[in-house]
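Chemist: Dumping the structure here so I can ask a few things about it.
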Amino acid sequence: LTVVKCGGAVPPEPVCADLAGRAGEVVLVHGGAPEIERLSAELGVPARTLVSPSGVTSRHTDPAMLDVVTLALTGRAKPRLLRALAAHDVPAVGLTGLDGGLLRARRKTAQRAVRDGRTVIVRDDHSGRVTGVRPELLRTLLGAGFVPVLSPPATGEDGAPVNVDADRAAAAVAVALGAARLVLLTSAPGVLRDASDDASLLARCALPREGPVPHAASGGMHRKLIAAREALLGGVPRVSVSDGRLPRPVTAALGGAGTTLE
Ligand code: ADP
């Protein structure tokens, strides 16, 4: 079993075409940052950022933004993938972490952020981290020969939706299903030693078991490396970050393209 996570900037067509013949063996997890940004602009919902005291930035998912995230993922990113999968006769089912209690998460009810040079407490952020995966529904769908297509939001402790990082959700799903592989497809060749130089691709990248991860020039890659580490520590034997823009991106990644994390 392989869990494939497909970034929002990855073109859906090659990934979906490459899943033909793999139904029942693959779970597809997706994000959709470009769709979220586009929809928030269309709806006039300001996209705001939270900066933690240690300098880590994240999306401020206030109630209006939580709706935008949910609408963009379930109304735009997911249908696009389902349509491309259907075009290649791949039987697929779209889900979020709200279906069947698939992804459970704990919302950050109060967090510190730096705003205008002052540390403030933010209480209206509806994001959090995955605390549990109920894999039964995924197993049922896989057993029936479907490709589950899963995205945030997750189910909070009070049942309300919680936005979670899709890379880390994919890692949690891979761990829960005992997947043999986790493939994080993105719009970069893999993990680069120098983020501005595509020729600096690392074939292998060793992650420390704890503490800061190397080679993460931006938040996006930082989260991927954190997710990769969580999958490895959870027992997923092979984890890679690979180029989703290649003609057969899943086949390429399974064949060793991109960066293998260890
Ligand atoms: P996705 O939407 O696919 O999940 P993100 O945009 O969040 O991906 O993160 C991937 C991006 O991270 C790459 O497109 C690249 O611009 C950036 N990046 C930062 N540091 C690195 C690095 N060391 N190697 C590769 N990409 C990096």
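Reminder that position 183 of the sequence shown reads as 177 in the numbering used here, one-by-one numbering, no gaps.
For glycine and all other residues, C-beta sits at the position ideal for the given N, C-alpha and C.
1) What does DSSP give as the partner residues of His24 in its beta bridges?
2) For my contact list, Asp56 and Asp12 are in at a C-beta cut-off of 8 Å; report their separation, rounded to the angstrom.
3) Going along the chain, which residues of its own chain have a beta-carbon closer than 8 Å to the beta-carbon of Cys10, five neighbours each way excluded?
4) For Val177, verify whether its CB is less than 7 Å away from any heavy atom of the ligand ADP.
5) Could you tell me the distance, in whole angstroms, from the CA atom of Pro6 to the CA atom of Ser181?
6) Ala165 to Gly38, Cα distance in whole Å?
7) Would Val(-2) and Val230 be called neighbours here (beta carbons separated by less than 8 Å)?
8) Going by alpha carbons, who is nearest to Met228 out of Ala200, Gly172 and Leu132?
9) Comparing C-alpha positions only, which one of Glu224, Gly214, Arg187 and Leu92 sits nearest to Thr68?
10) Count Cβ pairs between the region 152 to 163 and the region 193 to 208 that sit closer than 8 Å; are there 3 or more?
11) With the cut-off set at 8 Å, would you say Pro142 and Leu226 are in Cβ contact?
12) Give me, in chain order, the residues of the same chain whose beta-carbon lies closer than 7 Å to that of Arg42; leave out the 5 immediate sequence neighbours on both sides.
13) Extract the residue ranges of the beta strand (DSSP E) inside the region 120 to 206, only unbroken runs of 3 or more that lie entirely within it.
14) Using the Cβ count rule (16 or more neighbours within 10 Å means buried), how would you classify Thr1?
15) Could you tell me which of Arg187, Leu65, Leu179 and Lys102 sits nearest to Asp152, measuring between CA atoms?
16) Give the single residue among Arg109, Val207 and Gly238 whose Cα lies nearest to the Cα of Leu255.
17) Please state whether DSSP places Leu92 in a helix, a strand or coil.
18) Heavy atom of the ligand ADP less than 7 Å from the Cβ of Leu269, yes or no?
19) Taking 7 Å as the line, does the beta carbon of Asp161 fall inside it for any heavy atom of the ligand ADP?
20) So what does DSSP say about Asp61, is it helix, strand or coil?
21) Going by DSSP, which residues form a beta bridge with Thr253?
Modeler: In terms of the structure at hand:
1) Cys0
2) The Cβ separation is near 37 Å, so there is no contact.
3) Leu75, Ala78, Leu79, Ala81, His82 and Val84
4) no
5) 12 Å
6) 33 Å
7) no
8) This sequence places Gly at residue 228; Met is not what is there. Selected option, being the one with the closest Cα: Gly172.
9) Leu92
10) no
11) no
12) His54
13) 122 to 127, 141 to 149 and 175 to 180
14) Note that residue 1 is Gly in the sequence shown, not Thr. Under this definition Gly1 is a buried residue.
15) Lys102
16) Val207
17) coil
18) Any question about residue 269 goes unanswered here, given that the chain covers just -5 to 256.
19) yes
20) helix
21) Val235
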